[in-house]
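Participant: Handing you a structure now.
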Amino acid sequence: MKNLKSVLLTIAVSLLACMAHAQLKPINTSAEFNAARVKIDSLDNQIIKTLGERERIVREIGTYKAKNHIAPLQAARFKQVVDKAKEAGKKEGLSPEFIEELMNAIHTESLKLEGDPAAVHNE
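Residues -22 to -1, 1 to 101 (mature numbering (1 follows the signal peptide of the UniProt record, and there is no 0)) are what the sequence shown spells out, left to right.
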């Protein structure tokens, strides 16, 4: 099975491509094509930075959960997160299946960072 981080990056890049496509006019010239690629590169960087920031916060949450004997997996909370993400994705024209796959990949990585041994074995 692919490394989860590689899968997550692939999903994030796919999300980026969808977002970029939705925001651009049709590309008619090579200059517009090059400008679109520059925008994609910028969005890629934003996604990576956002995922890095999220990972740092997840580590803090994991430390808090460990100190307070709270299980890493909080199924009800995760369902809320996925439902909210699907609604946001719908507004952006993204399929619910794509959003669920993306959120599952992110959540699995979060559980690993929080120290859930089951998440490590599910790769």
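Beta carbons: idealized from backbone N, C-alpha and C, even for Gly.
Nothing here was measured: the structure is a model prediction, and the numbers come from that model.
Between the C-alpha atoms of residue 89 and residue 23, what's the straight-line distance to the nearest angstrom?
Facilitator: 24 Å
Participant: Find the nearest neighbour of residue 52 within the set 8, 5, 92, 6, judged by alpha-carbon distance.
Facilitator: 92
Participant: Quick one: measure Cβ to Cβ for residue 78 and residue 60, integer angstroms, because I've assumed they're closer than 8 Å.
Facilitator: 6 Å
Participant: For residue 40, report the span of its alpha helix (DSSP H) as first-last.
Facilitator: 8 to 45
Participant: Any chance you could list the beta strand (DSSP E) runs of at least 3 consecutive residues sitting entirely within the stretch 41 to 99, in chain order?
Facilitator: none
Participant: Take the Cβ of residue 50 as the centre, count every other Cβ of all protein chains shown within 10 Å, and call the residue buried at 16 or more, exposed below.
Facilitator: buried
Participant: Measuring straight from C-alpha to C-alpha, what distance separates residue 15 and residue 76?
Facilitator: 23 Å
Participant: Are residue 11 and residue 18 close, meaning C-beta to C-beta below 8 Å?
Facilitator: no
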